[in-house]
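Residue numbers (the numbering used here): 7 to 123.
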């Protein structure tokens with residue numbers, strides 16, 4: 007399979023899982039740091055969690071994929087609410103958010119510094 011297809015499927019699976027889990031994390035009162043830590047330590051679980059909706063919408067036209075996603079996402083939400091992930095943690099923490107967080111931190115620091123704050 008082409009590398010782009012694999013990267014697309016994995017990233018879309020993570021996105022769907024993150025969106026669904028976001029509702030649970032909000033209810034639990036987790037801050038962004040706790041959510042990211044959970045995601046980075048359980049990245050394989052979350053990739054598998056979002057995979058069914060990704061595969062269902064993968065090779066469809068935009069309108070068909072959007073309709074399927076709109077139909078299936080509430081089911082994913084229900085699964086997220088009922089999910090009880092074991093204490094499993096992937097052996098390697100996948101720091102997916104580190105580059106984006108570093109860039110955002112550098113940008114904000116530079117802006118604050120330029121304003122003298």
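Beta carbons are placed, not taken as given, at the ideal position from N, Cα and C, and that holds for glycine.
Taking Cβ to Cβ, would you say residue 63 is nearer than 8 Å to residue 74? yes
Cβ atoms of residue 23 and residue 55: under 8 Å apart, would you say? yes
Would residue 121 be called buried (16 or more neighbouring beta carbons within 10 Å of its own) or exposed? exposed
Residue 51, DSSP secondary structure in three states: helix
Considering only the beta carbon of each residue, do residue 99 and residue 41 sit closer than 8 Å? no
In the region 29-89, which residue ranges form an unbroken alpha helix (DSSP H) of at least 4 residues, counting only runs that do not cross its ends? 38-47, 49-63, 68-88
To the nearest angstrom, how far is it from the Cα of residue 29 to the Cα of residue 117? 32 Å
Please list, in chain order, all residues of the same chain as residue 51 whose beta carbon is under 6 Å from its beta carbon, the five residues on each side excluded. 91
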